[in-house]
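Residue numbers (the working numbering): 461 to 908.
The structure appears right after this line, and notes come after that.
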Amino acid sequence: MRTPPETPVVDSPVPADYTTVVDAADVGADTTGERPFDVARFLDDDTLVRFSPGRYLLEPVRKDSLSNVALYAPDGATLVSNGSGLHDVLHLRDASDVHVEGFDLEQSPEAPARTKLVVDGGTNSLRDYRVVGAYDPNDESGDHTRNQALLLECAGESTELLVERVDLSDGGMASAVFVDPTLEASDDFRSGGCVAFVDCRMEGWTEGLYASAHAGPLVVRGGRYANSNVAQVRTGGPNALVDGVEVMLDNPETLPNESTTRGIWAREGEYTRIADCDVVVGDAFGDENSDSEAMPGISGGVVHGAKAGRLCVEATDISVDADGVNAVRSLAAKDGQFYAPSMVERGETVDAATLDRRLELVDVTIRGDAAGVGKFGRMAVDIRNRRHDSTVRNCEIRQSGRERDGVRVVAADRVSVVDSTVDVTGAQFDVDDRSAETFVQSAVSGGQ
Numbered sequence: 461m462r463t464p465p466e467t468p469v470v471d472s473p474v475p476a477d478y479t480t481v482v483d484a485a486d487v488g489a490d491t492t493g494e495r496p497f498d499v500a501r502f503l504d505d506d507t508l509v510r511f512s513p514g515r516y517l518l519e520p521v522r523k524d525s526l527s528n529v530a531l532y533a534p535d536g537a538t539l540v541s542n543g544s545g546l547h548d549v550l551h552l553r554d555a556s557d558v559h560v561e562g563f564d565l566e567q568s569p570e571a572p573a574r575t576k577l578v579v580d581g582g583t584n585s586l587r588d589y590r591v592v593g594a595y596d597p598n599d600e601s602g603d604h605t606r607n608q609a610l611l612l613e614c615a616g617e618s619t620e621l622l623v624e625r626v627d628l629s630d631g632g633m634a635s636a637v638f639v640d641p642t643l644e645a646s647d648d649f650r651s652g653g654c655v656a657f658v659d660c661r662m663e664g665w666t667e668g669l670y671a672s673a674h675a676g677p678l679v680v681r682g683g684r685y686a687n688s689n690v691a692q693v694r695t696g697g698p699n700a701l702v703d704g705v706e707v708m709l710d711n712p713e714t715l716p717n718e719s720t721t722r723g724i725w726a727r728e729g730e731y732t733r734i735a736d737c738d739v740v741v742g743d744a745f746g747d748e749n750s751d752s753e754a755m756p757g758i759s760g761g762v763v764h765g766a767k768a769g770r771l772c773v774e775a776t777d778i779s780v781d782a783d784g785v786n787a788v789r790s791l792a793a794k795d796g797q798f799y800a801p802s803m804v805e806r807g808e809t810v811d812a813a814t815l816d817r818r819l820e821l822v823d824v825t826i827r828g829d830a831a832g833v834g835k836f837g838r839m840a841v842d843i844r845n846r847r848h849d850s851t852v853r854n855c856e857i858r859q860s861g862r863e864r865d866g867v868r869v870v871a872a873d874r875v876s877v878v879d880s881t882v883d884v885t886g887a888q889f890d891v892d893d894r895s896a897e898t899f900v901q902s903a904v905s906g907g908q
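Listed below in structure tokens is the structure:
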């Protein structure tokens with residue numbers, strides 16, 4: 461098992477760390493928000509710009525290659541962009557040791573404002589940052605690259621980016637966060653640095669945290685991710701950790717209209733560990749068509765993606781009351797060659813034979829009264845093709861809904877369920893003939 465990536469430690473900016481310290485109000489910023497303020501004029505290397513409490517009409521900022529720069533509101537401040545149409549209110553590119561902290565960014569329906577940080581060196585942070593009001597890009601140009609409220613990129617193996625207490629709970633018709641693929645950032649193959657999301661909130665988006673394309677270590681620790689389309693948390697890369705996160709699908713009224721969503725989705729990458737999380741899929745998301753042979757609208761509380769390598773889920777509680785929804789769904793692993801942006805640069809492919817693609821469930825509790833529905837939503841845990849050597853150990857699976865099966869295994873060798881409880885209304889195990897030859901169950905209770 462890989463050592464989980466460490467969360468970067470970043471202190472709030474202090475004047476002693478900068479050659480130049482600028483107080484925004486002292487250089488003419490209007491704290492009532494009536495007159496625009498061009499902070500870019502004061503941004504240079506080794507500069508701290510402090511904002512006192514107030515409301516600032518900010519001219520859009522675009523600066524390249526800054527080093528050791530901070531925009532800091534120690535007691536909080538509100539930013540309103542003076543840009544027009546869909547635009548970037550803050551765009552720092554190829555920056556290093558950059559810190560942005562303490563701001564509310566108000567959205568306008570006429571001028572949706574995105575935040576973009578592209579860091580390439582040092583330790584960087586975006587902290588105590590809140591997007592106020594729904595973000596709707598209204599972009600009819602076909603340019604989907606701007607359909608996110610917050611776009612991040614963290615290039616270079618030694619680079620760190622901490623995203624802490626960022627609040628995107630007002631939702632919007634876009635991805636809340638997209639972490640850009642660093643392997644495609646230049647003509648040279650380049651890995652990404654560590655990106656850590658700590659105690660963030662993302663709710664009601666067309667996609668929640670979209671971090672599966674990032675080519676470096678990824679940490680998602682604490683926080684709440686809820687009621688977004690596609691996925692609440694989407695991971696990839698060489699080493700991803702999702703720890704202590706609350707994932708909720710409990711209010712479809714706040715969910716923008718899409719056909720499929722998921723709780724935590726290990727979309728691609730070599731290794732993902734999910735630990736100490738709470739995942740809830742409420743009954744309002746159930747599939748009422750008991751004859752359905754179609755894919756369910758929610759493909760799982762935890763989903764092991766076809767391009768993902770090893771997934772370990774530990775000490776996690778998964779509650780599923782939605783009929784026809786799997787608690788854990790390990791999709792058939794890709795065979796042969798495939799492309800994954802967090803693993804290889806464009807034009808190259810991953811050889812599936814080089815990946816460990818097993819699913820491990822350890823000390824996982826699955827509860828709820830979900831009923832079994834259709835071909836794909838009948839079981840609590842689904843382990844599919846080429847997920848060889850998968851294990852369910854010290855787990856408790858209790859599903860009280862009608863015709864609910866426990867664990868299904870299809871075309872996967874040497875799968876084991878040990879020291880576990882599987883208490884369901886249907887079959888404890890549904891194992892196809894090929895998999896049955898090497899399937900092991902030991903010390904399993906709860907059968908009828």
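Note that beta-carbon positions come from the ideal geometry of N, C-alpha and C, so glycine has one too.
Please report the distance separating the alpha-carbon of residue 576 from that of residue 723. 26 angstroms
Based on the DSSP output, what are the partners of residue 859 in its beta bridges? 884
Quick one, which of 594, 596, 555, 571 has its alpha-carbon nearest residue 581's? 555
Residue 827 - DSSP class collapsed to helix/strand/coil: strand
Roughly how many angstroms lie between the CA atoms of residue 892 and residue 591, to the nearest whole one? 49 angstroms
For residue 525, count neighbouring C-beta atoms within 10 Å of its own C-beta (all shown protein chains included) and say buried if the count is 16 or more, exposed if not. exposed
Below 8 angstroms CB to CB, which residues in the same chain sit around residue 871 once its five sequence neighbours on both sides are set aside? 792, 844, 845, 846, 892, 894, 895
For the alpha helix (DSSP H) that residue 895 lies in, which residues bound it at each end? 893-896
Give me the Cα-Cα distance between residue 808 and residue 799, rounded to the nearest whole angstrom. 7 angstroms
Let me know the beta strand (DSSP E) ranges lying completely inside the stretch 768-819, each 3 residues or longer, listed in chain order. 777-780, 788-790
Could you give the residue range of the beta strand (DSSP E) that holds residue 637? 632-639
Distance between beta carbons of residue 491 and residue 510, contact taken as under 8 angstroms: Actually they do not touch by this definition, with Cβ atoms about 12 angstroms apart.
Should residue 697 go down as buried or exposed, given a rule of 16 or more other Cβ atoms within 10 Å for buried? buried
In terms of alpha-carbon separation, which member of 588, 507, 890, 704 lies closest to residue 533? 588
Which runs of the beta strand (DSSP E) spanning at least 3 residues fall entirely within the stretch 640-713, listed in chain order? 654-658, 661-663, 665-670, 678-681, 684-686, 693-695, 700-703, 706-709
For residue 616 and residue 653, believed in contact at Cβ under 8 angstroms, the rounded distance: 5 angstroms
Note the first and the last residue of the continuous beta strand (DSSP E) segment covering residue 851. 851-853
So, residue 674 versus residue 705, is the Cβ gap smaller than 9 angstroms? no
What do you reckon, are the CB atoms on residue 612 and residue 579 nearer than 9 angstroms? yes
Cutoff 6 angstroms; reference residue 567; Cβ partners in own chain excluding five residues on either side: 593, 595
Alpha carbon of residue 715 to alpha carbon of residue 634, nearest angstrom: 12 angstroms
With which residues is residue 584 paired in a DSSP beta bridge? 621
Flag this pair as touching only if the stretch 492-504 and the stretch 464-475 have three or more C-beta atom pairs under 8 angstroms; answer yes or no. no
Count the C-beta pairs between the stretch 738-747 and the stretch 824-840 that are closer than 8 angstroms, then say yes if the count reaches three, no if not. yes
Range of the contiguous beta strand (DSSP E) that encloses residue 874: That residue, residue 874, is in no beta strand (DSSP E); it is neither H nor E in DSSP.
For residue 735, the residue or residues it bridges with in DSSP: 703, 774
Pull up the distance between the alpha-carbon of residue 885 and that of residue 829, whole angstroms please. 10 angstroms
For a test of the three-state rule: what should DSSP assign to residue 497, helix, strand or coil? strand
Would you mind working out which of 519, 527, 642, 522 sits nearest residue 806, comparing C-alpha positions? 642
Helix, strand or coil at residue 534 according to DSSP, with G and I counted as helix: strand
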